[in-house]
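K.L.:
Handing you this structure, nothing more for now.
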């Protein structure tokens with residue numbers, strides 16, 4: 007019924023002038039054009055990355071360490087492992103602190119301290135990664151007297167905490183209050199309620215936050231420049247300079263050698279596959295889980 | 042914890058409290074307290090980290106601050122050998138490259154946001170915003186790699202000669218079209234900040250109430266007029282917030298810029314000339330800095346960068362909050 011009323015009403019409205027109709031169409035066209043212009047680099051980057059990356063990958067890339075300047079071949083095996091070590095250290099430090107801070111904000115943080123922490127986390131999120139690198143240099147490298155995987159891990163952990171804590175808080179707040187009350191009513195202490203009921207219910211959302219933070223720092227180069235520093239050889243010790251995939255890509259990209267450029271592309275493809283897989287996993291988890299709005 | 046009064050009253054009126062739960066709570070009290078303090082410690086760690094950042098930056102830049110004072114930010118000489126340090130070329134480079142990036146990115150990002158929220162068929166909405174946000178997931182160093190091998194050649198072969206021919210009279214595009222330049226830095230930064238600005242703008246546009254749109258349409262507006270009058274005008278503050286958040290990101294961006302800007306501490310009028318930014322000088326020189334004053338001068342640049350980005354980000358958060366009413370904007374995922 008309402009439709010007929012609307013149609014009846016429209017006939018009495020004066021027709022829209024040509025100028026206004028043209029403007030409308032032109033602006034629609036402009037908006038579509040902006041989408042095309044924005045998506046063009048995306049397509050260009052991924053296309054070129056696949057084109058150069060797939061062609062450059064070979065078995066040696068995944069199994070060998072870099073060859074000296076001038077020699078062909080070699081790979082980034084040590085950088086791939088180094089990245090895993092550094093990211094492992096970062097997660098080991100960053101995840102507990104991030105989740106803990108998130109629990110504090112959601113469960114105990116309805117006060118001024120909570121507000122201050124929330125604001126600080128948002129500020130930390132915006133601090134340039136290179137500045138975080140300086141601080142990690144000052145507190146770890148200067149103390150140890152040499153570059154190390156640990157310093158790189160600390161720098162990345164500092165970058166992970168704000169993202170993890172804020173998403174954890176958001177996800178815990180989505181858990182219905184009645185669940186907490188039910189557990190409390192059964193005589194379960196508050197800490198058990200929080201860990202086994204609230205956090206458990208929000209698991210998929212919390213993991214989403216962790217993966218987002220992980221994807222964000224996985225490609226970070228700037229904070230590793232003077233913390234992990236890079237290494238041409240194998241190193242599995244946390245207190246020694248360590249190669250990392252993004253660092254190796256940076257060094258090779260700036261080099262004048264074609265063979266190193268080729269490996270930089272292969273390294274980039276490996277890195278982007280790692281990150282996109284993490285993000286796709288997040289999207290999948292979010293779609294399946296009942297919580298999560300990321 | 043409920044206030045003390047109701048508890049008192051309940052105790053007076055009700056039958057004596059059953060002993061079992063009381064026992065349970067008293068045994069659970071210590072673990073509860075430990076748990077709360079552990080979580081509080083994690084929260085305090087966030088504050089401590091920020092405190093540590095400020096402390097380290099201030100303390101380690103002291104030497105340079107004592108040596109040069111405010112002149113550090115006004116002098117344009119950067120001579121590590123003779124230990125004369127002035128940060129002006131880097132400040133200039135950071136500002137110009139970021140503003141150039143905004144100039145390119147803002148119209149595009151707002152256009153994309155308007156298209157996805159107001160014009161796009163519902164089916165494409167999800168995939169489109171996913172693709173735009175995928176741009177945000179690409180690491181800076183890969184942008185740099187792509188820029189070296191694709192963007193810079195395109196700029197030097199096609200775009201720069203074209204700009205020189207058409208806009209040469211402005212003298213903004215003087216000099217040889219070498220590729221590695223302030224212009225290249227601005228373009229790659231623009232590509233990198235578009236997803237941030239457009240995702241915040243989209244969020245802000247989505248919270249504009251539907252009846253605003255309906256009201257404007259009911260007055261006989263076309264779709265564009267509805268967007269202009271009913272949507273964009275209401276979302277202005279939030280869009281500006283998104284733009285400033287993008288600016289904050291551009292100011293601190295390091296790798297991609299370092300790889301294409303040319304890294305020469307000079308203040309040139311031409312956008313074709315190489316430049317240097319605060320973040321790039323840190324990336325290039327920090328691990329090789331010899332001498333305490335040199336290192337201290339670099340840390341002072343870091344401190345300045347930190348201070349500026351914090352102010353810019355706080356301002357942006359405030360503006361976005363006024364529109365979305367306190368829901369945090371997720372700009373930097």
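Protein chains in written order, with my numbering: chain A, 7 to 300; chain Z, 42 to 374. Glycine is no exception: its CB is placed at the ideal position from the N, C-alpha and C atoms.
For residue 222 (chain A) and residue 138 (chain A), I'd like the C-alpha separation in whole angstroms.
P.N.:
Their Cα atoms are separated by approximately 14 Å.
K.L.:
Along chain A, in chain order, which residues have C-beta atoms closer than 8 Å to that of residue 358 (chain Z)?
P.N.:
Those within 8 Å of residue 358 (chain Z) in chain A are 128.
K.L.:
Rounded to the nearest angstrom, how far is the Cβ of residue 82 (chain Z) from that of residue 345 (chain Z), given a contact under 8 Å?
P.N.:
With a Cβ gap of about 32 Å, residue 82 (chain Z) and residue 345 (chain Z) do not count as contacting.
K.L.:
With distances taken between CB atoms, is the gap from residue 314 (chain Z) to residue 185 (chain Z) smaller than 8 Å?
P.N.:
Taking 8 Å as the Cβ cut-off, residue 314 (chain Z) and residue 185 (chain Z) do not qualify as a contacting pair.
K.L.:
Return the residue from the list Z:118, Z:133 and Z:79 that minimises the CA-CA distance to residue 316 (chain Z).
P.N.:
Considering only alpha carbons, the answer is Z:133.
K.L.:
Looking at the structure shown, is residue 362 (chain Z) part of a helix, part of a strand, or coil, going by DSSP?
P.N.:
Three-state DSSP puts residue 362 (chain Z) in a helix.
K.L.:
From this set, Z:262, Z:193, Z:181 and Z:120, which residue's C-alpha is nearest residue 307 (chain Z)'s C-alpha?
P.N.:
Checking every option, the nearest Cα to that of residue 307 (chain Z) belongs to Z:120.
K.L.:
From residue 243 (chain A) to residue 88 (chain A), what does the alpha carbon distance come to, in whole angstroms?
P.N.:
Going by the C-alpha atoms only, they are around 10 Å apart.
K.L.:
By the three-class DSSP mapping on this structure, what secondary structure does residue 106 (chain Z) have?
P.N.:
DSSP places residue 106 (chain Z) in helix when its eight states are reduced to three.
K.L.:
Tell me which residue opens and which closes the alpha helix (DSSP H) that residue 183 (chain Z) is part of.
P.N.:
First-last of the alpha helix (DSSP H) with residue 183 (chain Z): 181-187.
K.L.:
Suppose the cutoff is 7 Å on Cβ atoms and the five residues either side in sequence are ignored; what does the same chain contact list for residue 270 (chain A) look like?
P.N.:
255, 258 and 259, listed in sequence order.
K.L.:
If you reduce the DSSP assignment to three classes, tell me which class residue 267 (chain A) lands in.
P.N.:
Residue 267 (chain A) falls in the helix class under three-state DSSP.
K.L.:
Would you report the Cα separation of residue 170 (chain Z) and residue 41 (chain A), rounded to the nearest angstrom?
P.N.:
Distance between the alpha carbons of residue 170 (chain Z) and residue 41 (chain A): 10 Å.
K.L.:
Tell me which residues share the same chain as residue 118 (chain Z) and place their Cβ nearer than 8 Å to its Cβ, disregarding the 5 neighbours each side in the sequence.
P.N.:
Result list for residue 118 (chain Z): 125, 126 and 127, in chain order.
K.L.:
Where does residue 286 (chain A) land, buried or exposed, given buried means 16+ other C-beta within 10 angstroms?
P.N.:
So residue 286 (chain A) counts as exposed.
K.L.:
How would you label residue 203 (chain Z), buried or exposed, when you count the other beta carbons within 10 angstroms and need 16 or more for buried?
P.N.:
Exposed.
K.L.:
Could you pull out every residue in the same chain whose Cβ sits closer than 7 Å to the Cβ of residue 108 (chain Z), ignoring the five residues on either side in sequence?
P.N.:
Contacts found: 334.
K.L.:
Rounded to a whole number of angstroms, what is the C-alpha to C-alpha distance between residue 61 (chain A) and residue 82 (chain A)?
P.N.:
So the alpha carbons of these two residues sit roughly 16 Å apart.
K.L.:
For residue 303 (chain Z), name the three-state secondary structure that DSSP assigns.
P.N.:
Coil at residue 303 (chain Z), not helix or strand.
K.L.:
Does any residue of chain A bring its CB to less than 8 Å from the CB of residue 144 (chain Z)?
P.N.:
It does not: the Cβ of residue 144 (chain Z) has no partner Cβ on chain A nearer than 8 Å.
K.L.:
Would you mind telling me which residues of chain A sit closer than 7 Å to residue 341 (chain Z), beta carbon to beta carbon, in chain order?
P.N.:
Those do not exist, as residue 341 (chain Z) stays about 11 Å from chain A at its closest Cβ, beyond 7 Å.
K.L.:
Please find out if some non-hydrogen atom of the ligand FAD comes closer than 7 Å to the beta-carbon of residue 218 (chain A).
P.N.:
For the ligand FAD, the structure offers nothing, since it holds no ligand at all.
K.L.:
Who are the Cβ neighbours of residue 66 (chain Z) in its own chain at under 6 Å, not counting the five residues just before and after it?
P.N.:
Bear in mind that the predicted position of residue 66 (chain Z) carries a pLDDT of just 49, short of 50, making it unreliable; the figure below should be weighed with that in mind. There are no such residues.
K.L.:
On the three-pair Cβ rule with 8 Å, is the region 120-132 of chain A touching the region 57-75 of chain A?
P.N.:
No, they do not touch.
K.L.:
Does the region 169-186 of chain A come within contact of the region 194-205 of chain A, defined as at least 3 CB pairs closer than 8 Å?
P.N.:
Yes, the region 169-186 of chain A touches the region 194-205 of chain A.
K.L.:
Mind listing which residues of the region 267-300 of chain Z have their C-beta closer than 9 Å to chain A's C-betas, in chain order?
P.N.:
The residues in question are 268, 269, 286, 289, 290, 292, 293, 294, 295, 296, 299 and 300.
K.L.:
Does the beta-carbon distance from residue 295 (chain Z) to residue 228 (chain A) come in below 8 Å?
P.N.:
For residue 295 (chain Z) and residue 228 (chain A), yes; Cβs fall inside 8 Å.
K.L.:
Between residue 128 (chain Z) and chain D, is there a C-beta pair that is closer than 8 Å?
P.N.:
In summary, chain D is missing from the structure at hand, where the protein chains are A and Z.
K.L.:
Only counting the same chain, and skipping five residues up and downstream in sequence, which positions put a Cβ closer than 7 Å to that of residue 106 (chain Z)?
P.N.:
The residues are 341.
K.L.:
Whose Cβ in chain Z lies nearer than 7 Å to the Cβ of residue 4 (chain A)?
P.N.:
Given that chain A is displayed from residue 7 to residue 300, the structure contains no residue 4 (chain A) and the question cannot be resolved.
K.L.:
For residue 363 (chain Z), which residues from the same chain have a beta carbon less than 6 Å from its beta carbon, with the 5 sequence-adjacent residues on both sides left out?
P.N.:
Only 278 meet the Cβ criterion.
K.L.:
So is residue 94 (chain A) buried or exposed if we call it buried at 16+ other beta carbons inside 10 Å?
P.N.:
Flag for residue 94 (chain A) reads exposed.
K.L.:
Around the C-beta of residue 46 (chain Z), are 16 or more other C-beta atoms found within 10 angstroms, so that it is buried, or is it exposed?
P.N.:
Model confidence at residue 46 (chain Z) stands at a pLDDT of 45, short of 50, so the residue's coordinates are unreliable and nothing is read from them.
K.L.:
Pick from A:261, A:291, A:103 and A:43: whose alpha carbon is nearest that of residue 162 (chain A)?
P.N.:
When each option's Cα is compared against that of residue 162 (chain A), the closest is A:103.
K.L.:
What is the residue span of the alpha helix (DSSP H) that residue 205 (chain Z) lies within?
P.N.:
Counting along the chain, the alpha helix (DSSP H) containing residue 205 (chain Z) begins and ends at 201-208.
K.L.:
For a test of the three-state rule: what should DSSP assign to residue 283 (chain Z), helix, strand or coil?
P.N.:
Here residue 283 (chain Z) sits in helix by DSSP.
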